[in-house]
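Residue numbers (UniProt numbering): 1 to 396.
A short worksheet on the structure shown next.
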Ligand SMILES: Cc1ncc(COP(=O)(O)O)c(C=O)c1O
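This is the structure we're talking about:
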């Protein structure tokens with residue numbers, strides 16, 4: 001007879017891999033948990049508190065499941081690869097091969113990880129602009145890369161060209177860009193992109209471009225670096241559905257690159273997830289065929305929300321920096337006299353009932369982000385107006 005031994009729990013020292021031991025629970029998870037705990041209004045994490053278009057939700061994943069689209073998706077020839085290639089053609093004028101130049105991933109987060117793991121060698125230097133989206137540093141650490149951070153400074157967060165030139169060298173494997181930019185809303189200008197392109201060509205470096213907010217461009221036209229002369233050959237363009245369609249939980253993303261680079265991204269993707277959810281790929285292909293009027297309406301809606309938030313923040317006494325794209329704005333909290341962004345955010349949650357994100361988490365050196373906090377306006381108008389502090393001076 002089989003006899004089970006009683007389970008004994010042994011206390012062990014945590015043995016997390018060195019390359020991840022310095023990373024904490026993401027700031028978004030921390031702040032959203034605090035929002036729940038204090039019943040605060042969450043203007044921190046960038047997920048809409050409203051649903052994506054009803055048509056997409058009804059015609060989404062379920063019919064594909066019922067129709068038997070339930071086995072591993074093929075990496076090369078899915079319906080979604082073709083829809084992504086068609087959208088890229090429309091947006092950039094570049095014709096790409098859906099079979100060899102598109103990799104469907106589980107959100108842009110996985111596209112970022114697969115790009116780093118598939119195309120970066122141990123010790124390679126990667127240039128990033130701070131503040132940066134938090135997954136960059138973690139995935140670069142997983143890939144064993146050396147991060148060279150260049151700080152974009154308020155009020156306009158322009159690229160410091162001389163510093164950028166000085167950072168490039170033969171060791172530069174790639175530059176990692178995000179435009180429109182989280183958290184600042186900065187959009188790279190044609191002149192900045194041309195400068196970056198020239199440096200990539202001069203040093204034979206790659207460019208990894210995160211464009212998840214490309215359809216949330218308010219004050220300028222979004223430009224894909226890949227569309228500049230000579231750049232498609234050396235660029236991985238990463239994107240996803242979540243922000244554009246207010247469906248952040250679908251987690252469908254992609255990476256577009258010439259076949260030689262796509263091979264590296266696909267190798268990493270194959271061993272990270274092998275294939276991304278098949279029925280959700282069908283739902284995503286339907287979303288990408290949405291007529292352009294949808295994007296215009298999305299921008300109109302967000303422009304109204306942005307105005308409510310920005311006016312409220314200004315009325316409350318913040319210095320709000322200009323944001324051209326994304327659904328974020330960054331504000332200077334120092335008029336309120338707190339030592340740090342973290343202290344200010346704690347006060348805001350506990351005493352005012354509103355969540356913001358401290359920006360120091362987006363820098364290698366947290367000191368650089370100490371004076372700023374990020375607010376999102378991807379919430380319904382009622383919620384934005386409910387954040388009462390937006391109407392009055394914060395401290396009376
Ligand atoms: C700049 C940036 N890149 C990537 C992502 C992640 O995208 P996804 O949800 O498609 O993985 C986010 C999400 O907030 C983001 O802000």
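All residues carry an ideal CB built from backbone N, CA and C; glycine is no exception.
Any non-hydrogen atom of ligand 1 within 7 Å of residue i CB
i: residue 32; result: no
i: residue 108; result: yes
i: residue 212; result: yes
i: residue 182; result: yes
i: residue 139; result: no
i: residue 133; result: yes
i: residue 240; result: yes
i: residue 49; result: no
i: residue 100; result: no
i: residue 46; result: yes
i: residue 95; result: no
i: residue 253; result: yes
i: residue 178; result: yes
i: residue 248; result: yes
Presumed contact (8 Å Cβ cut-off) between residue i and residue j, rounded CB distance
i: residue 147; j: residue 364; result: 7 Å
i: residue 200; j: residue 177; result: Wrong, their Cβ atoms sit about 10 Å apart, outside the cutoff.
i: residue 360; j: residue 341; result: 5 Å
i: residue 331; j: residue 318; result: 4 Å
i: residue 325; j: residue 187; result: 5 Å
i: residue 150; j: residue 163; result: 5 Å
i: residue 27; j: residue 156; result: Contact doesn't hold; Cβ gap of about 24 Å is too wide.
i: residue 262; j: residue 100; result: 6 Å
i: residue 165; j: residue 207; result: So it is not a contact: roughly 16 Å between Cβ atoms.
i: residue 152; j: residue 193; result: With 8 Å as the limit, residue 152 and residue 193 do not qualify as a contact, their Cβ atoms being about 14 Å apart.
i: residue 108; j: residue 253; result: 4 Å
i: residue 333; j: residue 371; result: 7 Å
i: residue 139; j: residue 112; result: 6 Å
i: residue 241; j: residue 197; result: Wrong, their Cβ atoms sit about 27 Å apart, outside the cutoff.
i: residue 356; j: residue 43; result: 6 Å
i: residue 172; j: residue 224; result: Wrong, their Cβ atoms sit about 21 Å apart, outside the cutoff.
Residue(s) in a DSSP beta bridge with residue i
i: residue 240; result: 253
i: residue 105; result: 253
i: residue 88; result: Residue 88 is not bridged to any residue.
i: residue 151; result: 130
i: residue 42; result: 355
i: residue 125; result: 146 and 172
i: residue 116; result: For residue 116, which the question treats as bridged, DSSP gives no partner whatsoever.
i: residue 376; result: 328
i: residue 319; result: 332
Residue i at chain B interface by Cβ criterion, 8 Å
i: residue 343; result: Included in the structure is just one protein chain, with no chain B present.
Original post:
What are the complete beta strand (DSSP E) segments, minimum 3 residues, inside the region 174-241?
Top reply: 206-210 and 235-240
Subject >> Segments assigned alpha helix (DSSP H), at least 4 residues, entirely inside the region 256-302 >> reply: 259-272 and 278-288
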